[in-house]
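The next block holds one structure in the form of structure tokens; read it before the comments.
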Amino acid sequence: MASDFFQQQDLARRKTFQLVVYFVLAILILIALVYALLLALSMHGASEPVSGWQPELLLLAALGVGLVVGAASAFKVAQLASGGQAVALMMGGEEVPGTTTDARQKRLLNVVQEMALAAGVPVPPVYVLEERGINAFAAGYAPGDAVVAVSQGCLNYLTRDELQGVVAHEFSHILNGDMRLNIRLVGLIFGIMALSIVGRMLMFASRGRSSGRNDSRGGLVLLGLGVFVLGLVGAFFGRLIMAAVSRQREYLADASAVQFTRNSDGIGGALKKIGGLAEGSRIENPQAAEAGHMFFANAFAGEGLFGLLATHPPLVERIRRLDPQFDGQFPEVRPVGVDRAELEGRRGVPPFAGMPRLPGLPQVPAPVLAQVLGFADEAASWVGHVDPELVCYAQALHDSMPDVLRLAAQEPFSAHAVVYALLLDPRADVRDLQLARLKTTAAPQDFAETLRLVAPVQALPDTHRLPLLDLAMPALRQMSPGQHRTFRAQVEMLMVADQRLNLFEYALRCVLHRHLDAQFLPKPQTRPMHGSPQKLARPVATVLALLAWEGQPEPDEAVRAFDTGMRAYIGGDHPHRLPPREECSLAEFDAALQTINRSVPAIKRRIIVACTACILANQQINVREAELLRAICDTLDCPLPPLVVGEAGRTPGFVSTMTSVITDDAKR
Amino acid sequence: MDPVTITLLVILLIALLLALWLLAIYNGLVVARNRFENAFAQIDVQLKRRYELIPNLVEAVKGYMAHERQTLDAVIKARNSAMAAEQKVAANPSDPAAVRELNQAETQLGGILGRLFALSEAYPDLKANQNMLALQEELTSTENKIGFARQAFNDAATNYNIRREVFPAVTVAGMFGFSRAALLEIAQTERAAPQVAFQ
Chain A
94 MASDFFQQQD
104 LARRKTFQLV
114 VYFVLAILIL
124 IALVYALLLA
134 LSMHGASEPV
144 SGWQPELLLL
154 AALGVGLVVG
164 AASAFKVAQL
174 ASGGQAVALM
184 MGGEEVPGTT
194 TDARQKRLLN
204 VVQEMALAAG
214 VPVPPVYVLE
224 ERGINAFAAG
234 YAPGDAVVAV
244 SQGCLNYLTR
254 DELQGVVAHE
264 FSHILNGDMR
274 LNIRLVGLIF
284 GIMALSIVGR
294 MLMFASRGRS
304 SGRNDSRGGL
314 VLLGLGVFVL
324 GLVGAFFGRL
334 IMAAVSRQRE
344 YLADASAVQF
354 TRNSDGIGGA
364 LKKIGGLAEG
374 SRIENPQAAE
384 AGHMFFANAF
394 AGEGLFGLLA
404 THPPLVERIR
414 RLDPQFDGQF
424 PEVRPVGVDR
434 AELEGRRGVP
444 PFAGMPRLPG
454 LPQVPAPVLA
464 QVLGFADEAA
474 SWVGHVDPEL
484 VCYAQALHDS
494 MPDVLRLAAQ
504 EPFSAHAVVY
514 ALLLDPRADV
524 RDLQLARLKT
534 TAAPQDFAET
544 LRLVAPVQAL
554 PDTHRLPLLD
564 LAMPALRQMS
574 PGQHRTFRAQ
584 VEMLMVADQR
594 LNLFEYALRC
604 VLHRHLDAQF
614 LPKPQTRPMH
624 GSPQKLARPV
634 ATVLALLAWE
644 GQPEPDEAVR
654 AFDTGMRAYI
664 GGDHPHRLPP
674 REECSLAEFD
684 AALQTINRSV
694 PAIKRRIIVA
704 CTACILANQQ
714 INVREAELLR
724 AICDTLDCPL
734 PPLVVGEAGR
744 TPGFVSTMTS
754 VITDDAKR
Chain B
34 MDPVTITLLV
44 ILLIALLLAL
54 WLLAIYNGLV
64 VARNRFENAF
74 AQIDVQLKRR
84 YELIPNLVEA
94 VKGYMAHERQ
104 TLDAVIKARN
114 SAMAAEQKVA
124 ANPSDPAAVR
134 ELNQAETQLG
144 GILGRLFALS
154 EAYPDLKANQ
164 NMLALQEELT
174 STENKIGFAR
184 QAFNDAATNY
194 NIRREVFPAV
204 TVAGMFGFSR
214 AALLEIAQTE
224 RAAPQVAFQ
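Below, the structure written as structure tokens:
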């Protein structure tokens with residue numbers, strides 16, 4: 094694939110690095126200019142000639158500029174990086190409750206849920222902005238704390254297809270790491286802008302001062318003016334760079350939206366409606382001023398200086414790239430209604446026929462290493478991608494989820510009971526023990542709600558269990574910190590009730606911790622440290638060992654799976670041996686995963702290829718392996734679309750499409 | 034560079050940092066306020082659901098409890114005034130007077146519903162009625178959801194109240210009209226009422 098998730102992530106990281114270099118250069122230039130300014134002023138004020146080299150003046154300039162720009166950037170980055178929810182709340186967004194009765198909001202939630210399930214990320218919270226224009230944004234620092242916000246105008250004027258296009262565009266930003274890039278850019282520019290604010294303050298402060306010598310006052314005004322102009326000019330060039338980057342990312346997101354939905358009319362139609370609507374894509378909220386690049390389309394009226402400062406490419410140009418036949422005539426825009434079929438999404442996508450085929454499925458039976466590796470490599474390129482067939486699959490998954498569970502998952506009170514019910518063991522004796530403990534520790538109504546959900550959850554096919562958790566995530570995020578503490582303690586209690594953590598419990602814990610703790614217990618960001626695959630060979634071996642034993646009970650098979658995985662990782666012969674089963678614990682696995690997590694995207698890709706190869710070594714994926722793979726990908730922040738697409742109730746051992754295709758072909 | 038100028042520059046720098054800090058506090062308050070206002074939306078949905086259920090309940094018991102006319106009328110009246118109060122709060126959840134009014138109306142509604150359920154105990158036919166059972170079940174579950182969402186709302190509102198009362202924030206709060214948020218405190222009777230039905 095031309096640009097996969099890891100390359101995009103790498104690109105975003107490199108871009109950020111480049112920008113930081115530019116920025117440091119800009120600061121150095123600014124310091125030099127301020128120094129020159131100070132020097133000129135001191136020469137002007139002094140009666141005898143002054144030396145051109147004055148270290149204390151340089152120090153003053155460096156300290157002043159460094160402090161102002163550093164403090165202001167850090168402030169802005171901290172504010173924007175405090176999680177997508179905080180940003181959405183700043184902009185005056187209102188969260189759409191999962192239980193909403195408004196048909197338009199319901200439709201929006203369905204569209205977002207389907208897209209999230211198709212991408213393999215927990216459903217993000219959805220916000221509506223009280224704005225009449227058509228616009229949207231995604232905010233957050235990582236896929237784990239992302240939110241999606243759309244304006245009321247989107248709900249009023251867009252059809253389901255168009256809404257889906259807009260949501261896909263925002264998901265592309267989430268999956269491509271654009272938000273992080275944006276946040277840093279906004280921070281840097283705010284820092285330089287702060288310099289001009291200081292300049293203005295200097296001018297005013299010295300004007301108001303009555304005491305002091307006359308020429309010193311004049312000098313200060315001049316210094317203030319100089320700093321003010323420098324700040325403005327610096328911020329202007331900063332904006333120029335940022336706007337250029339931002340415009341490229343918008344084209345990419347538009348193209349991805351088409352790729353995700355295989356429908357250029359959706360996003361194209363939305364853009365055309367922006368052109369046809371009097372309010373366009375304007376955002377009135379003053380808080381939006383600094384965050385123009387986060388939006389779907391230009392949030393402000395003017396394009397500024399021949400479009401050089403525009404955060405988005407011209408509307409007509411964007412539409413032309415999607416629809417070359419566009420004649421430049423915008424349609425007249427009227428509010429659209431919501432009918433039942435559209436709400437459920439029957440109209441927007443081709444009807445879902447039977448089992449979905451995974452993209453790029455190999456059609457040849459291939460029990461040879463090269464084929465397995467090739468397929469694993471292809472699987473890794475699906476990370477961070479959404480395929481229209483996966484959207485269909487997600488819709489089918491969404492629809493085949495029993496109503497009682499789908500409704501329960503969308504409401505905070507019953508959502509936490511859903512998680513309790515998911516954790517109940519299928520073995521009756523363990524379940525009784527868990528229920529007995531829950532009864533003593535949980536509130537009676539929590540216990541009653543859990544009991545109500547036990548039967549439907551137990552009847553749920555294994556393939557639906559993690560997606561159910563994904564659906565419950567927005568509601569779980571609405572708990573208060575106190576409620577989350579209680580919930581977390583109950584979850585731990587239920588997990589260890591049988592004295593051991595099983596794989597599903599582990600996977601569930603990974604997803605829960607990854608996405609809820611990010612909100613309730615903010616942790617410092619870790620930056621990638623490991624750039625060499627060799628150094629990580631040991632933790633990778635630990636991860637592959639557990640995967641191999643989970644997939645293959647037979648020692649020979651496990652050795653083969655382990656070996657396949659290691660070969661995929663190292664790319665040839667390797668010195669590692671599969672440790673005996675008793676030595677593979679989830680605790681070690683978890684520790685290894687945390688180490689691996691601090692590697693650069695290119696290595697993460699190799700690790701995912703290795704894990705997939707290990708799982709595929711016997712050409713079968715069972716649900717346990719798939720859940721483990723999901724936990725791995727989730728911990729590594731690499732959203733993996735649902736790989737295992739079992740046919741509910743066909744066989745007791747959940748057979749994936751991939752398996753069935755491969756084995757069917759093998760029989761032939 | 035004379036010392037006066039340098040002092041002035043230092044003061045300006047401190048002033049800038051101070052301004053940034055105040056801005057951070059202001060933004061923090063805005064986020065905290067929007068957070069608890071948003072938390073009300075979750076309760077709102079459930080309260081509306083309950084107000085929809087109550088007329089159905091009255092309709093269901095009417096045939097059996099013909100001479101409890103007064104109680105039934107009182108239930109509908111309490112439901113209507115609670116609904117009016119709820120709409121006011123939904124329009125502006127940070128209006129403490131509106132929240133207090135809702136507290137009162139809800140407490141009253143809870144009390145009168147409790148009485149209705151207590152009275153219904155005396156009608157065995159009614160207790161066996163499927164429709165009535167389903168409605169009671171639905172009311173209980175809505176009640177539980179309201180309880181959970183209310184706890185989240187109160188936590189968010191308390192968090193906001195604490196934030197705005199801490200020292201530097203309290204000056205910012207005063208300047209920009211961040212008023213104290215009222216909590217949703219509904220008297221115990223209301224929570225007890227559906228549990229009568231549950232047993």
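If you read the sequences in order, they're chains A and B. For the first sequence, my numbering gives the first residue as 94, with consecutive numbering after it. For the second sequence, my numbering gives the first residue as 34, with consecutive numbering after it. By construction, the Cβ of each residue, glycine as well, lies at the ideal position given by its N, Cα and C atoms.
Length of the line joining the Cα atoms of E377 (chain A) and P549 (chain A): Counting from 1 along the first sequence, the entry for residue 377 (chain A) is found at position 284. Counting from 1 along the first sequence, the entry for residue 549 (chain A) is found at position 456. Rounded to whole angstroms, the gap between the alpha carbons of E377 (chain A) and P549 (chain A) is 46 Å.
For A363 (chain A) and G258 (chain A), believed in contact at Cβ under 8 Å, the rounded distance: Taking the first residue of the first sequence as 1, we reach residue 258 (chain A) at position 165. Taking the first residue of the first sequence as 1, we reach residue 363 (chain A) at position 270. Confirmed, about 5 Å.
Proximity of A232 (chain A) and M294 (chain A) at Cβ, strictly below 8 Å: The count along the first sequence starts at 1 and reaches residue 232 (chain A) at position 139. The count along the first sequence starts at 1 and reaches residue 294 (chain A) at position 201. Contact: no.
Anticipated Cβ contact below 8 Å, K95 (chain B) with L105 (chain B), distance rounded: Working through the second sequence from its first residue, we reach residue 95 (chain B) at position 62. Working through the second sequence from its first residue, we reach residue 105 (chain B) at position 72. Their Cβ separation, rounded to whole angstroms, is 7 Å, which keeps K95 (chain B) and L105 (chain B) in contact under 8 Å.
Cα-Cα separation, V241 (chain A) to P218 (chain A): Indexing the first sequence from 1 puts residue 241 (chain A) at position 148. Indexing the first sequence from 1 puts residue 218 (chain A) at position 125. About 7 Å.
Inside the stretch 101 to 138 of chain A only - alpha helix (DSSP H) runs reaching at least 4 residues: none
Nearest candidate by alpha-carbon position, reference V199 (chain B), set B:G61, B:S114 and B:A48: Within the second sequence, the letter at position 166 stands for residue 199 (chain B). Of the candidates B:G61, B:S114 and B:A48, the one whose C-alpha sits nearest the C-alpha of V199 (chain B) is B:G61.
Contacting residues, own chain, Cβ-Cβ under 7 Å from G467 (chain A) (five flanking each side not counted): Within the first sequence, residue 467 (chain A) is the residue found at index 374, counting from 1. Hits under 7 Å: none found.
Minimum Cβ-Cβ distance from T579 (chain A) to chain B less than 8 Å: As a position in the first sequence, residue 579 (chain A) is number 486, starting the count at 1. Not closer than 8 Å to any Cβ of chain B, the Cβ of T579 (chain A) fails to qualify, so no.
Runs of alpha helix (DSSP H) lying entirely within the stretch 673 to 715 of chain A, each at least 4 residues, in chain order: Segments of the alpha helix (DSSP H) lying fully in the stretch 673 to 715 of chain A: 679 to 690 and 694 to 709.
P534 (chain A) at chain B interface by Cβ criterion, 8 Å: Within the first sequence, the letter at position 441 stands for residue 534 (chain A). The amino acid occupying residue 534 (chain A) in the given sequence is Thr; Pro does not appear at that position. No, because no Cβ of chain B sits closer than 8 Å to the Cβ of T534 (chain A).
Same chain, Cβ closer than 6 Å to L216 (chain B), five either side skipped, listed in chain order: Residue numbering aside, residue 216 (chain B) sits at position 183 when the second sequence is read from its first letter. Correct list, in chain order: N187 and A190.
Cα-Cα separation, T404 (chain A) to S374 (chain A): Residue 404 (chain A) sits at position 311 when you count from the first residue of the first sequence. Residue 374 (chain A) sits at position 281 when you count from the first residue of the first sequence. If you take the alpha carbons of T404 (chain A) and S374 (chain A), they lie about 13 Å apart.
Cβ contact (3+ pairs, closer than 8 Å) linking the stretch 101 to 116 of chain B and the stretch 138 to 156 of chain B: yes
I122 (chain A) versus A:A328, A:H137 and A:S244, residue with shortest Cα-Cα distance: Indexing the first sequence from 1 puts residue 122 (chain A) at position 29. The candidate whose alpha carbon is nearest that of I122 (chain A) is A:A328.
Segment limits, beta strand (DSSP E) that includes V219 (chain A): Walking along the first sequence from the start, residue 219 (chain A) turns up at place 126. V219 (chain A) -> beta strand (DSSP E) spans V219 to L222.
With 16 other Cβ atoms within 10 Å as the buried cut-off, status of P449 (chain A): On the first sequence, position 356 is the one that residue 449 (chain A) refers to. Any reading at P449 (chain A) needs caution, since the residue's pLDDT is 38, under 50, leaving its predicted position unreliable; the model's value is listed next. So P449 (chain A) ends up on the buried side.
Cβ-Cβ distance between L248 (chain A) and Q198 (chain A) below 8 Å: Here residue 248 (chain A) refers to the residue found at position 155 of the first sequence. Here residue 198 (chain A) refers to the residue found at position 105 of the first sequence. Yes, the Cβ-Cβ distance between L248 (chain A) and Q198 (chain A) is below 8 Å.
Local conformation of E218 (chain B) per DSSP, three classes: Start at 1 with the first residue of the second sequence, and residue 218 (chain B) comes out as number 185. Coil at E218 (chain B), not helix or strand.
Segment limits, beta strand (DSSP E) that includes F230 (chain A): Locating residue 230 (chain A) in the first sequence gives position 137, counting from the first residue. Residues A229 to A232.
A164 (chain A) versus B:A57, B:I195 and B:Y193, residue with shortest Cα-Cα distance: What you label residue 164 (chain A) is simply residue 71 of the first sequence in a count that begins at 1. It is B:A57.
Pair within 8 Å by beta-carbon distance, E718 (chain A) and G644 (chain A): Taking the first sequence and counting its residues from 1, one reaches residue 718 (chain A) at position 625. Taking the first sequence and counting its residues from 1, one reaches residue 644 (chain A) at position 551. A contact, by the Cβ cut-off of 8 Å.
Whole-angstrom distance between I696 (chain A) and S625 (chain A), CA atom to CA atom: Walking along the first sequence from the start, residue 625 (chain A) turns up at place 532. Walking along the first sequence from the start, residue 696 (chain A) turns up at place 603. Using only the alpha carbons, I get a separation of about 8 Å.
Boundaries (first-last residue) of the beta strand (DSSP E) holding V479 (chain A): If you number the first sequence from 1, residue 479 (chain A) lands on position 386. Premise fails: V479 (chain A) is in no beta strand (DSSP E) and is neither H nor E.
Of the listed residues B:E218, B:G210 and B:E119, nearest to K81 (chain B) (C-alpha basis): As a working note, residue 81 (chain B) is residue 48 in the second sequence. The residue from B:E218, B:G210 and B:E119 with its alpha-carbon nearest to that of K81 (chain B) is B:E119.
Per DSSP, cross-strand counterpart(s) of D99 (chain A): Residue numbering aside, residue 99 (chain A) sits at position 6 when the first sequence is read from its first letter. Going by the sequence as given, residue 99 (chain A) is Phe instead of Asp. Partner(s): none; F99 (chain A) has no beta bridge.
Candidates B:Y97, B:T204 and B:G144, of which the one nearest K160 (chain B) by Cα: For the purposes of this step, residue 160 (chain B) is taken as the residue at position 127 of the second sequence. Of B:Y97, B:T204 and B:G144, the residue nearest in Cα terms is B:Y97.
Cβ-Cβ distance between L483 (chain A) and P734 (chain A) below 8 Å: Position 390 of the first sequence, counted from the start, is the residue given in the question as residue 483 (chain A). Position 641 of the first sequence, counted from the start, is the residue given in the question as residue 734 (chain A). Yes, the Cβ-Cβ distance between L483 (chain A) and P734 (chain A) is below 8 Å.
Environment of M335 (chain A) [buried if 16+ CB atoms lie within 10 Å]: Taking the first residue of the first sequence as 1, we reach residue 335 (chain A) at position 242. Counting Cβ neighbours within 10 Å, M335 (chain A) comes out buried, since at least 16 surround it.
Proximity below 8 Å, CB of S265 (chain A) to CB of F353 (chain A): Against the first sequence, residue 265 (chain A) aligns to sequence position 172. Against the first sequence, residue 353 (chain A) aligns to sequence position 260. Yes, the Cβ-Cβ distance between S265 (chain A) and F353 (chain A) is below 8 Å.
Validate contact between the stretch 166 to 178 of chain A and the stretch 335 to 344 of chain A using beta carbons, cut 8 Å, 3 pairs: no
8 Å Cβ shell around L153 (chain A) - same chain, five flanking residues per side excluded: Residue 153 (chain A) sits at position 60 when you count from the first residue of the first sequence. Contacts found: L131.
Element boundaries [beta strand (DSSP E), containing A242 (chain A)]: Counting from one through the first sequence, the residue named residue 242 (chain A) turns up at place 149. That run of the beta strand (DSSP E) goes V240 to S244.
Whole-angstrom distance between A384 (chain A) and V279 (chain A), CA atom to CA atom: Position 186 of the first sequence, counted from the first residue, corresponds to residue 279 (chain A). Position 291 of the first sequence, counted from the first residue, corresponds to residue 384 (chain A). A direct Cα-Cα distance of roughly 7 Å separates V279 (chain A) from A384 (chain A).
Uninterrupted alpha helix (DSSP H) stretches inside the stretch 119 to 190 of chain B (no shorter than 4 residues): 129 to 153 and 157 to 161
Closer than 8 Å to chain A by CB, L45 (chain B): As a first step, residue 45 (chain B) must be located in the second sequence, where it is residue number 12. Chain A contact via Cβ: present.
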